[in-house]
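Undergrad:
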Amino acid sequence: SAAATIAPPPAPEPEKPLTRAEALKRANAFFNASPVMTADFVQIGGDGKRSEGKLHVQRAGRVRFEYAQPATMEVVADGAQVAVRDRKLNTQDLYFITQTPLKFLMKDKIDLEKDVIVEDVKIDDSGVTIAIEDKATFGGTSHVRLIFDPKTFKLKQWEVKDPQGYETLISIFNIDQAKVPDPTLFKINK
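Okay, here's the thing in structure tokens:
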């Protein structure tokens, strides 16, 4: 009798490369998955100065960057305004929330293609980078690069280049999209 031939198992489907449209859809899905987010952050300014702290978000419009010592800065958005506070100098600058380049953290529903100009989408093994331009920020146009983990599509970093050309890189980790931040974190003392 002839030996039965056993067919080899079919090769696994190769992963389809991510398209620009799919990358934008997944980025929007990350932002819209939860109205709250808490994360640790590390910020590197254009001067190479490093600071770190805790980020708290409650959409729409409420964000707080709580910088750890020795940094003296604090950035708080209460839903209408953004306050940039220097605890050491005891100064505070107020801006309208619509002027911030961080709309992707603040808007109730995020749709990158409607909210800002999407300049470029780059996809590689290290991440998915979405370059956006926002003409409505204080001082003129800001350019922002959003960098997502290629597997989980969680936001890993963003880099803001302000109208003066000053670049700031923020990396976030230990992201929690379940914990609701204390509402007093978003109070601006006027």
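Terminal number for the sequence shown in this note's numbering: 380, no gaps in between. All residues carry an ideal CB built from backbone N, CA and C; glycine is no exception.
Give me whichever residues DSSP pairs with M296 in a beta bridge.
TA: The residue you call residue 296 lines up with position 106 of the sequence shown. Beta-bridge pairing links M296 to no other residue.
Undergrad: Helix or strand or just coil, what does DSSP make of A250?
TA: Taking the sequence shown and counting its residues from 1, one reaches residue 250 at position 60. Annotated three-state conformation of A250 is coil, per DSSP.
Undergrad: Taking buried to mean at least 16 other C-beta atoms within 10 Å of its own C-beta, is K304 buried or exposed?
TA: Taking the first residue of the sequence shown as 1, we reach residue 304 at position 114. Under this definition K304 is an exposed residue.
Undergrad: Is the stretch 266–280 close to the stretch 307–326, with three or more CB pairs under 8 Å?
TA: no
Undergrad: So, for D339: in the same chain, excluding its five sequence neighbours on each side, which residues have a beta-carbon less than 7 Å away from its beta-carbon?
TA: Here the question's residue 339 lines up with position 149 in the sequence shown. Contacts found: G317 and K346.
Undergrad: Rounded to the nearest angstrom, what separates I313 and D366 at their Cα positions?
TA: Position 123 of the sequence shown, counted from the first residue, corresponds to residue 313. Position 176 of the sequence shown, counted from the first residue, corresponds to residue 366. Those two C-alpha atoms are separated by around 25 Å.
Undergrad: Check whether the Cβ atoms of G329 and P291 sit closer than 7 Å, and answer yes or no.
TA: Position 139 of the sequence shown, counted from the first residue, corresponds to residue 329. Position 101 of the sequence shown, counted from the first residue, corresponds to residue 291. No, these two residues do not count as a Cβ contact at 7 Å.
Undergrad: Secondary structure at F255, three-state DSSP: helix, strand or coil?
TA: Within the sequence shown, numbered from 1, the residue matching residue 255 stands at position 65. Residue state, collapsed to three classes: strand.
Undergrad: Around the C-beta of V370, are 16 or more other C-beta atoms found within 10 angstroms, so that it is buried, or is it exposed?
TA: Position 180 of the sequence shown, counted from the first residue, corresponds to residue 370. V370 is exposed by the Cβ-count criterion.
Undergrad: Who does D230 pair with in a DSSP beta bridge?
TA: Residue 230 sits at position 40 when you count from the first residue of the sequence shown. Paired residue(s): K244 and F363.
Undergrad: Is DSSP giving R277 helix, strand or coil here?
TA: Here residue 277 corresponds to residue number 87 of the sequence shown, with the count starting at 1. Secondary structure of R277 (DSSP, three-state): coil.
Undergrad: With a CB to CB cut of under 6 Å and the five nearest residues on each side skipped, what residues in its chain are close to Q248?
TA: As a working note, residue 248 is residue 58 in the sequence shown. Counting only Cβ-Cβ distances below 6 Å, and skipping sequence neighbours, we find V226 and P371.
Undergrad: Taking the beta carbon of L284 as the centre, do at least 16 other beta carbons fall within 10 Å, making it buried, or is it exposed?
TA: Position 94 of the sequence shown holds residue 284. Exposed, since its Cβ has fewer than 16 Cβ neighbours within 10 Å.
Undergrad: Which residues does DSSP list as the beta-bridge partners of L284?
TA: The residue labelled residue 284 in the question sits at position 94 within the sequence shown. Note: L284 sits in a beta bridge opposite A273.
Undergrad: DSSP puts V308 in a beta bridge; with which residues?
TA: As a working note, residue 308 is residue 118 in the sequence shown. I322.
Undergrad: How would you call I320, buried or exposed, if buried means at least 16 neighbouring beta carbons within 10 angstroms?
TA: Here residue 320 corresponds to residue number 130 of the sequence shown, with the count starting at 1. Classification for I320: buried.
Undergrad: In the DSSP assignment, find the unbroken beta strand (DSSP E) run with A267 in it and report its ends.
TA: For the purposes of this step, residue 267 is taken as residue 77 along the sequence shown, with counting starting at 1. Where A267 is concerned, the enclosing beta strand (DSSP E) stretches over M263 to D268.
Undergrad: Name the residue from I300, D276, E256 and K344 whose alpha carbon lies nearest to the alpha carbon of T262.
TA: Within the sequence shown, the letter at position 72 stands for residue 262. The option with the nearest alpha carbon to T262 is D276.
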